[in-house]
Amino acid sequence: MARYGMVFDLKRCIGCNACVIGCKQENSLPDGMFFTRTLSEEYGVYPAVNRVYIPTLCNHCEDAPCEKVCPSGATYTRDDGIVMVNADICIGCGSCAVACPYDQRSQVDKDLLSHGLFGSDELTPFEEDGYKRFVPGTITKCDFCSERVDAGLDPACVVTCPTEARIFGDLDDPDSKPSKLIRERDGKPPMPELKTRPKVYYVD
Amino acid sequence: MAMQDTKIVGDSFQVGVRFQRYWDTSMANAFFCGELGAGLFFVAWLFDFVPGMVAGMLITGIFKTYFHIAHMGVPMKSWRAISRPDRSWISRGLMAIVFYLAFGTAHCLNLAFDLETAWGLGSAVGNLVQLLAACAALVVMTYQGFAMSHSTAISLWNTVLMPISSLTYALTGGAVLTLALGWYSLFAGLPHERESLTNGIVLMLLIDAFVLISVLFSANKRSRGGKVSASLLLKGTYRQAFLFLVVGVGLVFPTLILVLVPISFPAVLLATAAVLVGYYCYRLLIFKAGVYEPMMSFR
């Protein structure tokens, strides 16, 4: 069974946030909700100032703290390593959200689903169709576009990235792109000191 | 450490510190009512004070339940919260609440109507029931602190001092309420017991102060996010509320009243109100000042 993960190449990321838009479109995310964000950080002192872009999303940790604290068992890990949330079981207590060290969870706002992006009480056909996947009040997050992965495709953010800064694949396959990158360019997971064992790595 | 690492960035797409926003006022209310009710039950149990135990169970059973359900994103599915006692402190706490209310009620009925004798059960059964109720109340007092301390995300909460502060504050609140509720009944004509409990409350207030200082000190030393949280409480947005209400009204004022003023019912009422205000504000501000650690930096 594959163990899916992702690598971010920080040398390639240009901070365009196309991945964010692609993700919002693919997952029909309401206003203010993001499954992925590209953070920016400035460093240095003038005139030697620089900026780096750091894509972030759910790290689908091996030792996921969100799964441990979930009282209803809604958060679970698939055999292929993708951490999912079962919206039918989720009670919306928020324990997973405060447990996640990477702040990658969102609560589905009941009002937002009824008012839509433009603030009126009418939903566009896109919203009407897309919002059906959400249960108001539950917690949701990136699931590596599990339906696309099951169909043999890459997640939407990976496909959208114009510079191929996002690399998705099987971390257990030593010949996969992410495995090679991690090995050759010393890939590092985010905040390893927390011992969550993320399946997302960064190479610089 | 760069300035940017401790900058509060809100929802913007920048590396920095973000407020936690999932556990808000309704959750703080639920935590407060749960701990206070269990604390009142526990202290009242020590004195075999049935009205105090009943009041404690009502605070937990009604108000904590109401505020928890108000917080839930899907209230109708709240019963599922009991599903994972093997891993989740929320599930364990919910089971403890059920035991505490069930055995607590049985113990109160036993004390009120001497059911041991009426049903020929013997004192061993009665002792077991009350012990189970007291143990369950202890769990209810502390489990919320344990649930918070498991958040590696939020440094201010990620400390063993969280369940300790839950316990000490709950016992302090329970003790002042027991003194106030039992002034004219339980402690009528018992000045020595009144004085002992008053001294105990003063000691608890000093312990609360020590634990509070430790929480802030440890957060400040532990991480960037912890430093921001401590700073918010001591120097930033929540400084006035924290120093005036939590420290001044909640700790200093009742201590001075109970130590310097001759013990009287009005003084005890005033001290009780002050302790409860300070306790509630502590609960609320600990939630509001909780921030996520800044996402990694690769510089």
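Chains as they are written, first to last, in our numbering: chain A, 1 to 204; chain H, 1001 to 1299.
From the three backbone atoms N, C-alpha and C, an ideal C-beta is built for every residue, glycine too.
All figures in this text were calculated on a predicted structure; none of them were measured in a lab.
- Inclusion of P71(A) and A1102(H) in the CB contact set at 7 Å is not warranted, their separation being larger than that value.
- Within chain H, the residues placing a beta-carbon under 8 Å from that of A99(A) are H1150, S1151, T1152, A1153, ordered along the chain.
- At a cut-off of 7 Å between C-beta atoms, G73(A) counts as an interface residue with respect to chain H.
- Look at I1263(H): its C-beta is not under 7 Å from any C-beta on chain A.
- Beta-bridge analysis with DSSP links M84(A) to Y76(A).
- A check of alpha carbon separations from E193(A) across M1076(H), Y1279(H), E1293(H) identifies E1293(H) as the nearest.
- Counting other Cβ atoms within 10 Å of its Cβ, I82(A) reaches 16 or more and is therefore classed as buried.
- In the structure shown, the three-state DSSP call for V20(A) is helix.
- Under the Cβ criterion (8 Å, minimum of three pairs), the segment 1144 to 1154 of chain H counts as touching the segment 1165 to 1185 of chain H.
- Annotation: the segment 1093 to 1126 of chain H contains the following complete segments of the alpha helix (DSSP H) (minimum length 4 residues), in chain order: 1115 to 1118.
- In the DSSP assignment, R51(A) falls within the beta strand (DSSP E) that extends over 48 to 57.
- Of all alpha-carbon atoms in L1260(H), R1018(H), D1048(H), R1239(H), the one lying nearest the alpha-carbon of Q1130(H) is that of D1048(H).
- When C-beta distances to chain A are compared with 9 Å, every residue of the segment 1174 to 1186 of chain H stays at or above that value.
- Close to Q1144(H), with beta-carbon spacing below 9 Å, lies no residue of chain A; the smallest spacing is near 11 Å.
- Only C100, P101, Y102, D103, Q107 from the segment 100 to 111 of chain A bring a Cβ to less than 7 Å from some Cβ of chain H.
- Y1280(H): member of the alpha helix (DSSP H) spanning 1265 to 1288, first to last residue.
- DSSP, read as helix, strand or coil, puts M1162(H) in helix.
- From the beta-carbon of R133(A), no residue of chain H is found nearer than 7 Å; the closest lies around 15 Å away.
- Among the residues of chain A, those whose CB is under 7 Å from the CB of Y1292(H) are D103, following chain order.
- Note: V7(A) is bridge-paired with I167(A), Y201(A) in the DSSP secondary-structure output.
- G44(A) has V49(A) as its beta-bridge partners, per DSSP.
- At the C-beta level, H1150(H) and A1133(H) stay beyond 7 Å of one another.
- Under a criterion of Cβ atoms nearer than 7 Å, the residues of chain H adjacent to C70(A) are, in order, R1084, S1088.
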